[in-house]
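Peer 1:
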Amino acid sequence: MTLQDFIALSPILDLGALSIVTMLVLAVRRHHATIALLSFLSCLLTLATLPWAATSTPRSVTALLIVDKYALLYMGLLLSATMVVISLSYRYLKLHFIEQEGVEEYYLLLLLATFGGLVLTASAHFVSFFLGLEVLGVSLCSLIGYLRTRRHPLEAAVKYLLISISASTFLLFGMALLYFESGSMTFRGVGRVVEMAQTVPGLWLGGFVLVLVGIALKLGLAPFHMWIPDVYQGAPTPITAYIATVSKGAVMALLLRFATDVEALKIDALAHLFALLAVSSMVTGNVLALFQQNVKRLLAYSSIAHFGYLLVALLAGGSAAAEAVTFYVVVYCVMTLGAFGVVIVYSSERGDAERFEDYRGLFWARPWLAAMLTLSLLSLAGIPVTAGFIGKFYAIAAGVDAGLWWLVLALIGNSVISLYYYLRLIVTLFADEPAPATIPQGQAVQSPQAAGWTAVFSLGLVASIILLLGVYPGPLMEFIRDSVSNLVMVVVQRP
Amino acid sequence: MVLWLLILIPLLAAPLAWMGEQWSRHAARWIAIGALFIDLLLALLLWSQDQWFQDPGQGAWLLESQTSWIPLWGISLHLGLDGLSLVLILLTTFLGLIAIVASWTEIQVRVGFFHCNVLLALGGVIGVFLAIDLFLFFFFWEVMLVPMYLLIAMWGHEQRRHASFKFFLFTQAGSLLLLVAIIALALLHQHAFGRPSFDYADLMGLAQKNEMGWWLMLAFFIGFAVKLPAPPFHPWLPDTYTAAPTGATVILAGLLAKTGAYGLIRFTIPLFPDAISEFAPIAMGLGVMGILYGAVLACAQTDMKRLVAYSSISHMGFFLLGAFAGTELALQGAVMQLVAHGLSIGALFMLAGALQERLHTRDMRQMGGLWGVIPRVASMTLFFALASLGLPGLANFIGEFLVLFGSFSVQPFLTILASTGMVMAAIYSLAMMQRAFFGRQRETRIEPDLSNIAFGTLLLMAVLQVWLGLYPRPVLSTTMPVMATLVQQTPPSSNLTHPPSKFLPSSNSFTSHVSAP
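Shown next as C-alpha cells:
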C-alpha cells in the first residue's frame, strides 16, 4: 500500500475512522443532538475527501477495491443521501423516543451501513462485495427494528433478516460456482474465462444466475420483491427512505460494475434474463401499486417498478447504459428522498402518516408540504420540469439507442399505468378537506407541527435539486459522462 | 427576447395570480387578464409588422432566438416564430382572455389557484407554438398537462375525477410515444453526423427513405392525433370536455386541440415527407371518419356540452382532411378551420356553461322555450350554432369550404363523404336550438340573463367570426408563406386518384380574389 493508495481509499478510511470516533463519543456523552450532529459532520467530512481522492484515480487498491471516478460519484451520492436521512431523522426520533432510552446508536448504525455502501461501490472482488453487503445488511436490519416497542418494525426486521440471509446464501453459492469455473474472485477474472473459452460453461452460468438472484433480492426486483412492501411499511420512515436510496443505490452501483466487468450482456441467455427481470419488475410494481391504500406501500411498489426501468437502461449496454443508469439512480434517490421526506415530516407521535386518508386535503392545510409531495410524485411519474423526466428521457434514449424497442414500449406502457396511482395520491392531496366531524372524538384537532428546521432545510434542498435537474441537467450529465467513461474504458483496455 | 417574453409573461404571472387571492377575490382575475392582455398586445404588435408577410414562399423564421441548454444532447432553447405560430398565439391569448371571462361567475372557490393553473397552461401552449427544438417542444407540451389536469380535477363537474384521469392517461400515452420517436430521430442524427441533435432544421428530412421513418411518423401522428383528437384516439374527449369547468373547456377545445393540429403541420408532415405521402390517404380517411362519427354522435346527444364536444371532433376532422391533402388551398383551409373552430367552439362552451349555471342542468330534455327567458343567451347561441354549421359569411364556412375545395382534387370520394358532415352539422346545431330555446316554456322563474361583460365578450367573438368570414385575408396571408413552403417540401401524394385539375384556381388567386374589396 503506497501513499497514493491511502489517498484513493481516504473516503472509506475516513468514514470508518469517524464511525469509531462517534462510537467513542457515544460512550462518553449520550446526547441526541450531539451524536446527530457528529454523524452528520462525519458524512460531510467524508464527502470533502472525495475531490482529494479523485486526484489519484483510477486506482486498484489491493485486488479487492478499485477507486475510480465512478465509485467516487456513487460515494458522493450515498453520503449526501445519508446526510439528508440524518437531518430528517432527528425530529422523527425525538417524537418516538421521549426518555433516555438509547436513541443515539441509530446514527452510529447509519454510518456503518453507509460504510458498507461505500465499500460496495468500490468493490471489484467477491470478498469486498460480500463484506460490504453484509455490513450494510446487518446494520440495516437493526435499524429497521429500531423502534423496538412497536410491532411493525420488529416484524419488518425479522423479514429483512431472513431475506438478507437467503440473499447471502444465494450469493455465496453463486460465487463458489463462479470461482470453481474461473479460478478467480475478481469480477474481471470471472469474466475473462468466458471470453477466452468462447463458450459459456454451464456451472459458470448457474453461478452467475445465483449471484444475480442474490442481487435481485437486495434490489427487490420482481419476482424477488415480496419483502419490499412489508419492510417499507414496517420500518421507521427515515429508514425506509434509507433503504430505498442508499442501500439500493449502492447495490445498483455494484450490479452495474459487475455486469460491465463480466460483460454479462454479451451472453444471450443473461441478456434475456435481465430483460425478463426488467419487464416483470415494471409490470408487477406498477400493477400492484394500483391497489394500494397506504402511501409507504405505494412507494414501495413504485420503487420495484423504477428498478425495472433502470434495468431497461442497463440492458442497453456500453457507456450509454452506464450514463443512463447512473443518472437515473441519482434522480431516483433525490425524488424518493423528497417523497419519503414528506411522510417523515408529516408523521406524528401517534404513528406514521401513511394512509391515503391522512393526506386528504393536505394542500389546503399545509401547502408547502403538499407541494413538495406533488413535486416528488410528478418527478417519479416522469413529468417534465422535474428531474424524473430527464431520468426517464435518459433511460428511453439508452433503450432506443440499443434498439430495445419492445422494452422501451413496455417502459412507456408502464409509465402510463404508473401515472394512475401517482395521480390518485395527488388528487387526494388536492381534495376538499375532511369535515371536522370525521375526526374521532376525544382527539383534539391536531395543530400543524413544526417540521424542524433541519427537515425543512433538507426538503427545500431536495425540491430545488429536483427542479434544477429537471430544467438544467446539462452539468450533471457531463459530470456523469466524464465519471462513467472510466468504468467502460477500463473494460475495453482489458489486459 | 420578445418570444421569451410571450412565454414568460403568463408563466411569471401565474404565482402572482395565486398570491393575489389574498388581496381580493378579483385580484387574481385581473392579474390573469392583465398578463394575457399584454401578451395579446405583444402578439398584435408582431402581427402589425406588415412587411414580414409580404414575401410568400420564404420559409425562414420571422423571429428566432437560440441559446444553448443541454449541449451534450444537442438540445438548445430554440424558439422561432412564423406566420402559423403567430396566428395561433393570437388565438391563444384571445381565447385565454375568453376563458377567464367565462369562469368569472362560475369559479368561486380557490380563485387564485384556478387562475394560476390557467396561466401556466397557457404559457405551455404558447411555448408549444414557439419551440422549434423538439426537446423544448416536448417540454412545453408536457408543461401544459399538469395544470390542465388540476383544472379539471378540482373545479370540474360531476365525474371530474374519472374525466381528469382519462384525459391525463390518454394524452400522456400519446406523449410518451412521441417522446420515443423524438429521441429516435435525435439518435438517427447521431448515427448520421456523430452528434445527437433535437433541432428542427437538423432533423428535417433525416428519416427520408428510411424504413424506421414510417414507424416514427406513425408515433408522431398518434402523439398529436390524441390531442386533436381524431378517432380512434378520442375516447377521453367527451367525458373531459363535459366534466371540465367552462373556462377549462374553452382552453381544452379551443387551444389544446390546436396544439395537436399544430404539431401535425409543423412536425409530422415536414419531418417525414416520404412516409406522409403514403400515409396521407389513411390520415384523410381518419379525418372523414372523425367528421361523420362526431356528427352522428352529436345528433344523438341530450347533454348540451357533450353535443358540442362531439361537434368538436367533427370539426377537427375537417382539419385533418385538409392538413393531409397536400394542396396549399386545403392547408390554408385547415389553418382557417383552426382559428374559426377556436372562436365558435369557445363561445358555444361558454354558452353551455352559462346555461348550466342558470338551470343547473345540461340536459336539453329539461330545457325548452328559453328564448323568451334569457334572450341574450339564446341569440348568441343561435349565432354560434349557425357559425358551427358553416353558414356562409362566417369564419367556419371559409375553413370548411377551402378544405373541401382543396381536397377534392386529391381524394374526391372522401371529400364528398366529408361534405355530408356539413349537412349533419346543420341537423345537430338546429336540433340543439330547437330543444333548448324554442318550444314550450318549462321555466317559469325568470333567470338572470348574461352579464354585460359576458355578453360583450361573446359579441366580440361574433364580430371576429363575421370579420374573418367576410375578409379572411389577414389570417390567410399571414400563414401563406408557411403553407407554400410546406407544400413544396411534401412530394405529391403517390397514389393520387386524379391529378390536380388545371381549372382549379391556385390559392394565390383565390386569396386575392377573396380580399378584393
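For the protein sequence lines, the chains are A and B, in the order given.
At the far end of the first sequence sits residue 573, using our numbering, and the numbering has no gaps.
At the far end of the second sequence sits residue 1538, using our numbering, and the numbering has no gaps.
Where a beta carbon is used, it is the ideal one built from N, C-alpha and C, also for glycine.
Values in this document were obtained by computation on a predicted structure and should not be read as measured data.
Return the residue from the list Gly1460(B), Met1482(B), Phe1405(B), Trp1488(B) that minimises the CA-CA distance to Ala1447(B).
Peer 2: Closest by alpha carbon: Phe1405(B).
Peer 1: With which residues is Asp1220(B) paired in a DSSP beta bridge?
Peer 2: Asp1154(B)
Peer 1: Arg1182(B) touches chain A at which residues, Cβ-Cβ below 8 Å?
Peer 2: Those within 8 Å of Arg1182(B) in chain A are Val505.
Peer 1: By the 10 Å Cβ neighbour count, where 16 or more other Cβ atoms means buried, how is Lys344(A) classified, buried or exposed?
Peer 2: exposed
Peer 1: Give the straight-line distance between the Cα atoms of Ser262(A) and Ala141(A), rounded to the nearest whole angstrom.
Peer 2: 11 Å
Peer 1: Does the Cβ of Ala1373(B) have 16 or more other Cβ atoms within 10 Å, making it buried, or fewer, making it exposed?
Peer 2: buried
Peer 1: Bridge partners for Thr1088(B) per DSSP, in chain order?
Peer 2: Leu1098(B)
Peer 1: Hey, how far is the Cα of Phe118(A) from the Cα of Leu187(A)?
Peer 2: 13 Å
Peer 1: Check the C-beta distance from Phe1254(B) over to Trp1094(B) and give it rounded, since I have them as a contact under 8 Å.
Peer 2: Not really, about 29 Å apart at Cβ, beyond 8 Å.
Peer 1: Assess contact between the stretch 353 to 364 of chain A and the stretch 376 to 393 of chain A, defined as three or more Cβ pairs (one per stretch) separated by less than 8 Å. Is contact present?
Peer 2: Flag = yes, the stretch 353 to 364 of chain A and the stretch 376 to 393 of chain A touch.
Peer 1: Please classify Phe1288(B) as buried or exposed, where buried requires at least 16 other C-beta atoms within 10 Å of its C-beta.
Peer 2: That one is buried.
Peer 1: Would Gln1193(B) count as contacting chain A if we go by Cβ distances under 8 Å?
Peer 2: yes
Peer 1: Which same chain residues end up closer than 8 Å to Leu190(A) when comparing Cβ atoms and leaving out the 5 residues on each side of it in sequence?
Peer 2: Ser97, Val213, Ser217
Peer 1: Cα separation between Glu1349(B) and Ala1207(B)?
Peer 2: 29 Å
Peer 1: What does DSSP give as the partner residue(s) for Val145(A) in the beta ladder?
Peer 2: Partner residues in the beta bridge of Val145(A), as assigned by DSSP, are Arg137(A).
Peer 1: Which of helix, strand or coil does DSSP assign to His1183(B)?
Peer 2: helix
Peer 1: Can you grab the Cα-Cα spacing for the pair Tyr29(A) / Arg559(A), in whole Å?
Peer 2: In the structure as shown, chain A starts at 79 and stops at 573, and residue 29(A) therefore has no counterpart that could be examined.
Peer 1: Run through DSSP, which three-state label would Leu277(A) get?
Peer 2: As written in the sequence, residue 277(A) is Thr, which differs from the Leu given in the question. Residue state, collapsed to three classes: coil.
Peer 1: Checking 8 Å against the spacing of the C-beta atoms, do Ser1428(B) and Leu1342(B) come in under that value?
Peer 2: yes
Peer 1: By the criterion of Cβ-Cβ separation under 8 Å, what are the contact partners of Ala1205(B) in chain A?
Peer 2: Val478
Peer 1: Quick one, which of Met1238(B), Ala1213(B), Arg1216(B) has its alpha-carbon nearest Ile1203(B)'s?
Peer 2: Closest option to Ile1203(B), Cα to Cα, is Met1238(B).
Peer 1: With 8 Å as the C-beta to C-beta threshold (strictly closer), list the residues of the stretch 1165 to 1176 of chain B near chain A in chain order.
Peer 2: Leu1166, Val1167, Tyr1170, Leu1171, Ala1174, Met1175
Peer 1: Give the DSSP bridge partners of Asn372(A), in chain order.
Peer 2: Arg433(A)
Peer 1: With DSSP collapsed to three states, give me the class of Asp1324(B).
Peer 2: strand
Peer 1: With DSSP run on the structure shown, which of helix, strand or coil describes His384(A)?
Peer 2: helix
Peer 1: On the DSSP letters alone, give me the boundaries of the alpha helix (DSSP H) that Ser1409(B) sits inside.
Peer 2: 1396 to 1409
Peer 1: Could you give the distance in angstroms between the alpha-carbon of Tyr1492(B) and the alpha-carbon of Thr1499(B)?
Peer 2: 13 Å
Peer 1: Is it buried or exposed for Gln1353(B), if we count other Cβ within 10 angstroms and need 16 for buried?
Peer 2: By the beta-carbon neighbour count (other beta carbons within 10 angstroms, threshold 16), Gln1353(B) is buried.
Peer 1: Is Phe1160(B) close to chain A, meaning its C-beta is less than 8 Å from at least one C-beta of that chain?
Peer 2: Answer yes: the Cβ-Cβ gap between Phe1160(B) and chain A drops below 8 Å somewhere.
Peer 1: Note down the Cα distance separating Leu1249(B) from Leu1285(B), rounded to an integer number of angstroms.
Peer 2: 9 Å
Peer 1: Taking Cβ positions only, does Ile1030(B) come closer than 8 Å to chain A?
Peer 2: no
Peer 1: Taking the alpha helix (DSSP H) that Ile98(A) belongs to, which residues open and close that run?
Peer 2: 81 to 106
Peer 1: Do Val1360(B) and Val1122(B) have their beta-carbon atoms positioned less than 8 Å apart in this structure?
Peer 2: no
Peer 1: Which residues of chain A have a Cβ atom closer than 8 Å to the Cβ of Leu1198(B), listed in chain order?
Peer 2: Ile490
Peer 1: If you measure from the beta carbon of Ala1035(B) to each beta carbon in chain A, is any gap under 8 Å?
Peer 2: No, Ala1035(B) does not count as interfacial toward chain A.
Peer 1: Report the option in Trp1025(B), Ala1174(B), Gly1306(B), His1212(B) whose CA atom is closest to the CA atom of Ile1437(B).
Peer 2: Gly1306(B)
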